[in-house]
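First to last, the sequence lines map onto chains A and B. FYI, in the UniProt record's numbering the residues of the first sequence are 1 to 372. FYI, in the UniProt record's numbering the residues of the second sequence are 1 to 370.
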Amino acid sequence: MTSTSPDNRAGPVGNALLLDGVTGADHRVAILVEETGLRILPADALAAAPQCPLLWPWSKVYRPASAGEDMVFAMLDAQDARLTPDLPAHARTILSRASGDERRSGQQVLGLARRPSAALAIGATVAVLVLALVALAPLSGVAAHLLPADTGAASSDQAIEQLAASHPRCDGTEGLAALDALSRRLAGAAGIPTPQLTVIDWDVVNAFALPGGRVVLTSGLIEASRDGSEIAAVLAHEISHVVHRDPMTGWIRREGVSLLLALLFGQEAAGSIASSLTGALLNARYTRDQEDRADHTALDLMRDNDIRSDGGQAFFERLHEREIGGTVGALLTLIETHPGSADRAALFAEAQTGTGPGLDAAQLAAVKRMCR
Amino acid sequence: MSVPQYDRGAPPPGSATVSTLEYTEGGSWPLIRRHVINVALMILTLGLYRFWAITIMRQILWRRIRFAGRPLEYTGTGLEIFLGFVRVFLVILLPLGIIFMLIELGLQREMPTVDAGTVETVDLVYLIAVLMLIEMGRFLSWRYRISRTRWRGIRGRIEHPVGSYLIVAAASAAMIVFSGWLLKPVVDLYRANTILNTLNIGGLKGSYRGGVWALFPTWIGIWIGLALMAIAGFVAWFWLIGIVAISGSETFFYLAMIGFGLAVFWVVLYMLSIYRVAFWRLICNLSSVGPTRIRFSGSAADMAWLTFGNWLLIGISLGLLAPLTWERKIRYLADKVVVYGMPDPAGLRQVGDDDSAFGGEGLAGDFDIA
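Structure below.
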């Protein structure tokens, strides 16, 4: 059959090659444009007839995505069949009438579109991030509280031993007894067993809690403290972490974040800059929340033990003086694991938790002698 | 060391017809342009767009491959791969992660009483589990790609059940770990045997007639060669340090290290290429699909150059020229693979769609080394 000029009127169009999707045989066919659809007529009466429907309604004719820019057509009721018109002009005629949509095909996946979609990928990304931001922290906290309180104590002790290899323990008995007595009062107010306290000879100003009820103070922090209430505020803060099981929660949450990042980035991209930065941002947000909660709990514990909060205020004000300001400082707050020291100082200033120092002058002197 | 010849690439008896396999050039720039857009979208979606990106690139590349004058068609979708990944993530990776997290917690709790052997056993089981995931990823990847590839409208299918392949994957991983990678060729050929003997393309059954131990002698040679290279590396290192100590010339040290490093790199690459070429020769020469027979005529040298060139392209372009490496691989295969015998298109019958519960490629997006 010879071709006629392509238009939208019913009538003969031309020839095409048809693969019926049932066998691999070529079928030379004539194609006719009708009002209702595309009519397919076998051109060779002696050859085996195509085994697919021979009237393709316009509403079901579509160009499969797999064909790219090629003028190849398929039909929703015979999705394995492929029709390739001989001439581009004929293909354009069919295209002008075809209104089928591959997305309505029977091969939908969970009722969703099959067509490549950046929007879907963006949606899934947002869903994973929302899951990470909203659900992961509370779930980690619940999981940490389901575990026995001493879970992780052994590995914490190992970590402290390793640290002690380069930074020896400070074992002044009087100072240790004073700190233990303060710990006992604070932990008693919280209703938890007294955490195991270690002081190490390290000149950095730091204190941290570890899984299993372990708290570590550095000699640098003790030296930097000018008053017993400053050490009491820091100790109350770390004991609050133990109360909330924050170290174990953090460990579970970091594992969860790793799994979610594997979902987002894939295993092969694990450790990439984008993956690491996302992980750091997510973890920083969580830890800032934990630190904020620990400050509030610490104030409650200090109030229960009649300990002044202005020591904490003074301590955080001195820390604030060391912080980087300006735009760089503002950007750094995104990945900071703690709230800003100025905000923390203000919180302790407003609290007015009591009148006592937590450690009296003799006890403070004993504590300061611990590492000498 | 040379590549075993097997059938030396000679045409199989009674197969005079040669069916061409060719890569039709459509220009590399359209591919690179699309790849750059894909990379941008992947950054925007923190990597999740990769499933759709892979699909688009495969659609383009498949259309450019022609067998006996007709193009291949890739009908897979990004959504299928994405959901397949999520499914495997939820069914396998997440439970596995939680189980090992709990084991680690348990070990931490009992640490003083847990001996080093227990910790090493847990690490070993973890390694086997990861290797099993890699093996499953490879299998699912092959299975999915074949089921979504059509020629003349007819798709292929691997009929081996996914569930029972888990046992194969676990056994393979354990064999590799416990043999110190010595049994790698056995595992490779067992996998190929499993896939090829359950391959169905339009009703034409695949068949692999070789044994699983055929590559063992070749691999032993390479394994020993790699071990000797490691020993030679240590000796050379101390020798160079001695030279520097005597002469005091650090420039000589650095130049010698660069030269030695490049030599080691090339020798290792060449040795591994010997194995890969031997593998492909064996698989091609001893397999058939219906009336078609295949011959592979590649050599270790050209395989090594192909790999080296592709690493170079990826390295200098930070991955942006990856499409060029895909094209190089396909061109190489089209050049080195000869297909004898032509199936009768009218005799090809459509096979059922692969509706496995583990549709998609599972973790292949992560562990795809196939």
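Idealized CB from N, CA, C, for every residue including glycine. None of these values were measured; they are calculated from a predicted model.
C-beta neighbour in chain B for residue i, strict 9 Å
i	result
P64 (chain A)	yes
L110 (chain A)	Summary for L110 (chain A): the model assigns pLDDT 42, below 50, so the residue's position carries little reliability; its value from the coordinates is reported in the next sentence. Yes, contact with chain B.
V128 (chain A)	yes
A124 (chain A)	yes
E255 (chain A)	yes
Q107 (chain A)	Only weak support is given to the placement of Q107 (chain A): the predicted model assigns it a pLDDT of 45, under 50, and the question is left unresolved by the model.
Residue range of the beta strand (DSSP E) that includes residue i
i	result
W151 (chain B)	149 to 151
E73 (chain B)	70 to 74
D80 (chain A)	78 to 85
H27 (chain A)	26 to 33
M75 (chain A)	73 to 75
Chain-ordered chain B contacts of residue i [CB-CB under 8 Å]
i	result
L259 (chain A)	L93, L94, G97
CB-CB length for residue i against residue j, believed under 8 Å
i	j	result
I146 (chain B)	R157 (chain B)	7 Å
I239 (chain A)	P195 (chain A)	6 Å
T355 (chain A)	D306 (chain A)	6 Å
M75 (chain A)	W56 (chain A)	4 Å
A67 (chain A)	P345 (chain B)	Contact doesn't hold; Cβ gap of about 19 Å is too wide.
D20 (chain A)	Q51 (chain A)	5 Å
A232 (chain A)	G175 (chain A)	Contact flag wrong, Cβ pair sits at about 14 Å.
Spatial distance of residue i from residue j (CA atoms)
i	j	result
S140 (chain A)	G242 (chain B)	55 Å
I195 (chain B)	L255 (chain B)	48 Å
residue 426 (chain A)	L199 (chain B)	Given that chain A is displayed from residue 1 to residue 372, the structure contains no residue 426 (chain A) and the question cannot be resolved.
E22 (chain B)	M257 (chain B)	42 Å
L364 (chain A)	L136 (chain A)	41 Å
A189 (chain A)	V242 (chain A)	13 Å
A129 (chain B)	S141 (chain B)	18 Å
S299 (chain B)	L83 (chain A)	41 Å
T4 (chain A)	G14 (chain A)	The predicted model places T4 (chain A) with a pLDDT of 43, which falls under 50 and marks its position as unreliable; any figure quoted below should be read in that light. Cα to Cα, the separation comes out at about 7 Å.
L332 (chain A)	A173 (chain B)	Since pLDDT at L332 (chain A) reaches only 45, below the 50 mark, its modelled position is unreliable, and the value read off the structure follows with that caveat. Using only the alpha carbons, I get a separation of about 45 Å.
Q79 (chain A)	R349 (chain B)	15 Å
P116 (chain A)	G153 (chain B)	Bear in mind that the predicted position of P116 (chain A) carries a pLDDT of just 45, short of 50, making it too unreliable to give a figure here.
S166 (chain A)	D201 (chain A)	9 Å
L189 (chain B)	S28 (chain B)	34 Å
S283 (chain B)	R87 (chain B)	Inspection of the sequence shows that residue 283 (chain B) is occupied by Ile rather than by Ser. Distance between the alpha carbons of I283 (chain B) and R87 (chain B): 32 Å.
A263 (chain B)	A245 (chain B)	23 Å
A230 (chain B)	R150 (chain B)	46 Å
V289 (chain B)	G206 (chain B)	4 Å
W181 (chain B)	V125 (chain B)	16 Å
G341 (chain B)	T93 (chain A)	39 Å
L215 (chain B)	R209 (chain B)	14 Å
P42 (chain A)	M57 (chain B)	35 Å
W52 (chain B)	F82 (chain B)	8 Å
N193 (chain B)	F296 (chain B)	17 Å
A322 (chain B)	I314 (chain B)	6 Å
D227 (chain A)	A178 (chain A)	14 Å
G76 (chain B)	L61 (chain B)	13 Å
Amino acids of chain A, ordered along the chain, whose beta-carbon sits closer than 8 Å to that of residue i
i	result
A346 (chain B)	T23, G24, A25, A48
M101 (chain B)	I252, E255
The alpha helix (DSSP H) enclosing residue i, as first and last residue numbers
i	result
W181 (chain B)	It is not in any alpha helix (DSSP H) - W181 (chain B) carries neither H nor E in the DSSP assignment.
P88 (chain A)	88 to 97
I60 (chain B)	50 to 64
Contact list for residue i against chain A, beta-carbon separation under 7 Å
i	result
R34 (chain B)	Residues of chain A passing the Cβ test: none, with the nearest at roughly 11 Å.
Chain B contact residues for residue i, given Cβ-Cβ distances below 7 Å
i	result
V19 (chain A)	A small correction: the amino acid at residue 19 (chain A) is Leu; Val does not occupy that position in the sequence shown. Near L19 (chain A) (Cβ distances below 7 Å), the residues of chain B are R152, G153.
E350 (chain A)	The contacting residues do not exist; E350 (chain A) stays about 39 Å from chain B at best.
is_contact[residue i, chain A] using C-beta, thresh 9 Å
i	result
L48 (chain B)	yes
G290 (chain B)	no
F139 (chain B)	no
I314 (chain B)	no
W223 (chain B)	no
W62 (chain B)	yes
F67 (chain B)	no
T251 (chain B)	no
P323 (chain B)	no
P161 (chain B)	no
T307 (chain B)	no
T45 (chain B)	yes
N24 (chain B)	Residue identity check: residue 24 (chain B) is Thr in the sequence provided, not Asn. Closer than 9 Å: no.
Interface partners of residue i on chain A, CB under 9 Å
i	result
E73 (chain B)	P64, S66, A67, V72, R82
G202 (chain B)	T23, G24
R349 (chain B)	V22, T23, G24
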